[in-house]
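First residue of the sequence shown: 454, per the numbering used here; consecutive thereafter. Structure, as structure tokens:
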Amino acid sequence: MAVLSLKITSPDGVLCEDTASYVRLQAADGSVGVLPGHAPMLVALVKGKVCYRKDGAMYTVDVDRGVAEIKDNRIVILSG
């Protein structure tokens, strides 16, 4: 089964570096769900939670607004 590589950074350093089977982002225009094989895109993020599923468990990371790049089963989030 394909997985997503997730990396969340802030000015203070790396907040999260993990793999996931599903990631939900809080975009400026609504919630975005990402599964492996998702089309490439850039997403403007609002302050909120990034939720991701790994091995059947859900995890959350609080982020400030920022931007997410989704490409080739990788999600890189730059949070302000």
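A virtual CB, placed ideally from N, CA and C, is assigned to each residue, including glycine.
Discussion item. Suppose contacts are defined by Cβ-Cβ distances below 9 Å. Is V487 in contact with I528 by that definition?
Written reply: Closer than 9 Å, so yes.
Item to complete: Please work out which residues of its chain come closer than 6 Å, Cβ to Cβ, to E470, disregarding the five sequence neighbours upstream and downstream, and give them in chain order.
Response: Excluding residues up to 5 positions away in sequence, K460 lie with their Cβ nearer than 6 Å to the Cβ of E470 in the same chain.
Fill in: DSSP state of L488 mapped onto helix, strand, coil
L488: coil per DSSP, three-state reduction.
Item to complete: Please determine, among S463, T472, D465, the residue with the shortest C-alpha to C-alpha distance to A455.
Response: Ranked by Cα distance from A455, the options S463, T472, D465 are led by T472.
Item to complete: Give every residue of the same chain whose Cβ lies closer than 7 Å to the Cβ of R518, excluding the five residues on either side of it in the sequence, and list them in chain order.
Response: Excluding sequence neighbours, R518 sits near L498, V499, K500, G533.
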